[in-house]
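Going letter by letter, the sequence shown gives residues 641 to 1157 in our numbering.
For glycine and all other residues, C-beta sits at the position ideal for the given N, C-alpha and C.
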Amino acid sequence: MLLGAQPIDLKEVGVAERHFVKSGIPPLDRQIGGLLAGRPYLVSGSPGSGKSVSCLEFLDPALQLGETAVLLTHDDPADVLATAGFLGMDLEPALLDGRLIILRYQLDFVRRFGRAASVDDVFAELRRHLGGAAPTRLAIDSVVPFLEGGGAASTAIFALTQFLESLGVTALLTYPGDLAGLYDRRLEPLMQRAGGFFHLATQPQGRRRGVLEIRKLRFEAPSVAPVHFRIEPGAGFVQDGAPNEPDEVLLEELRRRLLVVNMVTPFPDELLRSVEREYQVTVRAGLPSAFSELVRAGVGAVLLNVRRDVINDALQLVRELRRSDVRTPIIVVTPYVLRSTDRTRALRAGADDFLSINVPHDEFLARVTAITRRGRSSATVPAESERPMVSQPTGASGAYEVFEPDGFATAVAAYLSQDRAPFFTLVTVRPANGDVATVAEIVLRVGRVESGDLVGLLHGGVVLLADGARPRDLGSLLERIQAQWAERGTGGTLELETIGYPAEEERVRAMFGVAVG
């Protein structure tokens, strides 16, 4: 079969999901939203234009995610480490634990490559050097040695392209010079598969200034205008001058798109239909399937639909996205009753709002519209990740256990000693039949111990410290305790009492004595 033609399954093509990843070059990511994963990309430019820097920045996102990355280069590894140090990247830990593999062209590579019995033998050797590693990114700086191998050069790029496809990696290859107006048929197999082709043009203002030209893309991008950049110590590629903003038509189009991410349970159908009447909505289940669209920032806002048991994972995702310079507005949405600390924690993590799906639909839409009209967040992040002040103890199996009286008093004292204004409600539950163990099990289940609540034994009962809650916020929680107690059928009644802090500070101090004094 001369053409190597294969039947195309249109149904399969129609449902294939295109996955995007960060390029690692912040000005480029802001311009095009990321790279189509699993494709090679070509970067051309004269010596000193920033090609080697682009390779290191391209590999960095994989290393930050704990993935394996490979660099094939002319440079001495010591020079690679020095360049990385200039950019503010510490590659030594990744080299030591095998996440980064640096391979260097031998001085006589071109001669040996040209004399190889088969180019397949060369790539088989390259695969052996990778061992059992499964890299997600591979950078080749530069591709020229594969083009200068005499007779082997005619098939080298085809074999290289096949090799990259067999690995399933996203690849970046550099080429010295400018291919504008120059047709090199040897590069044709690579250009056919490439997800994009970029050129780094130097500027007369200085060695580390230039323009990144987006010459070809295989996907739709918010903008393909040239990107003016500087290469700064400790930062690498940064925007030089005002960013190239998309025009108002494109901006308005982006504002009409919403991404709904269901981390566990689906978004309520009725509310979703109301939102779809106003917006173009894409729904994704779980984080992996949504990450490509998050990193591309091609939506007006992200609605992160979470449940109480995954709120910490959701907020950690928000922090990571903000650290990655993802500026799309993020709205954390939840079905449970909000406490003041819920919203505070979300905003400190970098979210733009925290909404309950139980609010009226018109109010919900108004809040979403206000955020999409306001535009992208400033993406500020706290200096360090949020840590729980005091943690509920766990047993050998990892299940939560109640504090004993002395430990509970100490935990509450530590809670109150934090450098902030404490705000909570104490819920005391006493069973008439004395079955404290069953009550403790129920309260541990209905409380938010994974989000900062504390449960302990005190004065013959079980006490729940509901972090950030007012007594009037806890009606549904008290009902759940009563309902689960009735389901157990143990008999007897429950005595429930709530005390708010700081409104009833003296009563709280009296409960715990000098431990909080």
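Where residue i falls: helix, strand or coil (DSSP)
| i | result |
| --- | --- |
| Gly754 | helix |
| Pro1111 | helix |
| Asp1046 | helix |
| Ala796 | helix |
| Asn952 | helix |
| Ser684 | strand |
| Ser929 | Residue placement at Ser929 is flagged as unreliable, the pLDDT there being 47, under the threshold of 50; the coordinate-derived value follows with that caveat. Helix. |
| Leu607 | Outside the displayed span of the chain (641 to 1157) sits residue 607, for which this structure offers no information. |
| Lys856 | strand |
| Gly1129 | coil |
| Glu1144 | coil |
| Tyr1040 | strand |
| Ala941 | strand |
| Ala1053 | helix |
| Arg988 | helix |
| Glu1024 | Here Glu1024 scores only 43 on pLDDT, less than 50, and its place in the model is too uncertain to base an answer on. |
| Gly850 | strand |
Where the alpha helix (DSSP H) through residue i begins and ends
| i | result |
| --- | --- |
| Val762 | Val759 to Leu770 |
| Gln915 | It should be pointed out that residue 915 corresponds to Val in this sequence rather than to Gln. Unbroken alpha helix (DSSP H) run through Val915: Asp909 to Glu916. |
| Pro1033 | Unbroken run through Pro1033: none, as it is neither H nor E. |
| Ala1006 | His1001 to Arg1014 |
| Thr905 | Element bounds for Thr905: n/a, residue is neither H nor E. |
| Asp719 | Pro717 to Leu727 |
| Asp669 | Pro666 to Ile672 |
| Phe838 | Run containing Phe838: none in the alpha helix (DSSP H); it sits in the beta strand (DSSP E), Gly836 to Gln843. |
| Leu735 | Glu732 to Leu736 |
| Gln832 | Glu828 to Arg833 |
| Leu787 | Val784 to Leu787 |
| Leu1084 | Val1076 to Val1086 |
Residue closest to residue i, alpha-carbon to alpha-carbon, out of the options
| i | options | result |
| --- | --- | --- |
| Tyr815 | Glu916, Leu827, Val809 and Arg1149 | Leu827 |
| Asp781 | Leu955, Ile742 and Asp1113 | Ile742 |
| Thr1078 | Ile665, Gly1131, Ala991 and Val1008 | Gly1131 |
| Val973 | Arg1085, Val999 and Phe763 | Val999 |
| Ala796 | Val759, Gly771, Thr1009 and Leu778 | Val759 |
| Lys662 | Gln704, Ser684 and Gly685 | Gln704 |
| Gly1115 | Pro1045, Thr1065, Glu1081 and Arg1147 | Thr1065 |
| Gly685 | Val878, Asp818 and Arg848 | Asp818 |
| Leu1005 | Glu1145, Leu778 and Ala941 | Ala941 |
| Ala723 | Ala702, Val693, Pro1111 and Leu736 | The question names Ala, but residue 723 in the sequence shown is Thr. The residue with the shortest Cα to Cα distance from Thr723 is Val693. |
| Gly850 | His839, Gly874 and Lys856 | His839 |
| Arg855 | Val683, Ile970 and Gly678 | Val683 |
| Arg897 | Gln920, Gln879 and Glu910 | Gln920 |
| Pro988 | Arg963, Ile997 and Pro717 | Inspection of the sequence shows that residue 988 is occupied by Arg rather than by Pro. Closest option to Arg988, Cα to Cα, is Arg963. |
| Gly808 | Phe798, Leu1084, Glu853 and Arg777 | Arg777 |
| Glu1144 | Pro1111, Thr922 and Ala991 | Pro1111 |
| Tyr1055 | Gln879, Pro873 and Gly1108 | Gly1108 |
| Leu857 | Arg679, Ser914 and Asp719 | Arg679 |
| Gln832 | Ser806, Gln843, Arg1013 and Thr801 | Thr801 |
| Asp992 | Tyr976, Arg959 and Gly738 | Arg959 |
| Ala702 | Ala734, Asp880 and Tyr681 | Ala734 |
| Ala773 | Arg1014, Ala718, Thr708 and Leu961 | Thr708 |
Beta-carbon separation (whole angstroms), residue i vs residue j, contact threshold 8 angstroms
| i | j | result |
| --- | --- | --- |
| Pro667 | Phe869 | 5 angstroms |
| Leu899 | Arg924 | 7 angstroms |
| Glu581 | Gly876 | The requested residue 581 is not part of the displayed model; the chain covers only 641 to 1157. |
| Pro785 | Phe763 | Contact flag wrong, Cβ pair sits at about 13 angstroms. |
| Val1052 | Phe1152 | 6 angstroms |
| Leu1164 | Val1067 | Since the first residue of the chain shown is 641 and the last is 1157, residue 1164 is not available in this structure. |
| Gly1047 | Val1076 | Gly1047 to Val1076, Cβ: 16 angstroms. No contact. |
| Leu1117 | Ile997 | No, Leu1117 and Ile997 are not in contact; Cβ-Cβ is about 18 angstroms, not under 8 angstroms. |
| Tyr976 | Phe1063 | The pair is not a contact, with the Cβ atoms about 18 angstroms apart (cut-off 8 angstroms). |
Residue-level contact to chain B via CB, residue i, 7 angstroms cutoff
| i | result |
| --- | --- |
| Arg1007 | The question asks about chain B, but that chain is absent: this structure has only one protein chain. |
N-terminal and C-terminal residue of the beta strand (DSSP E) that residue i is part of
| i | result |
| --- | --- |
| Glu872 | Val867 to Glu872 |
| Leu813 | Thr810 to Pro816 |
| Pro1071 | Phe1064 to Pro1071 |
| Ala779 | Arg777 to Asp781 |
| Thr974 | Ile970 to Thr974 |
| Asn998 | First-last for Asn998: undefined, no H or E at that position. |
| Arg825 | Where Arg825 is concerned, there is no enclosing beta strand (DSSP E), given that its DSSP letter is neither H nor E. |
| Arg744 | Leu740 to Arg744 |
| Val1095 | Leu1094 to Leu1098 |
Quiz item: Is the segment 668-685 in contact with the segment 858-870, if contact means three or more CB pairs nearer than 8 angstroms?
Solution: yes
Quiz item: Is the segment 1070-1079 touching the segment 1124-1142, taking contact as three or more C-beta pairs under 8 angstroms?
Solution: yes
Quiz item: Taking three-plus beta-carbon pairs below 8 angstroms as touching, is the segment 747-755 in contact with the segment 686-698?
Solution: no
Practice problem: Determine, using beta-carbon pairs with one atom in the segment 1028-1047 and one in the segment 1083-1101, whether at least three such pairs fall under 8 angstroms. | Solution: yes
Quiz item: Is the number of C-beta pairs between the segment 743-751 and the segment 702-720 that are closer than 8 angstroms three or more?
Solution: yes
Practice problem: Would you check if the segment 946-953 and the segment 899-906 touch, i.e. whether three or more CB-CB distances between them fall below 8 angstroms? | Solution: yes
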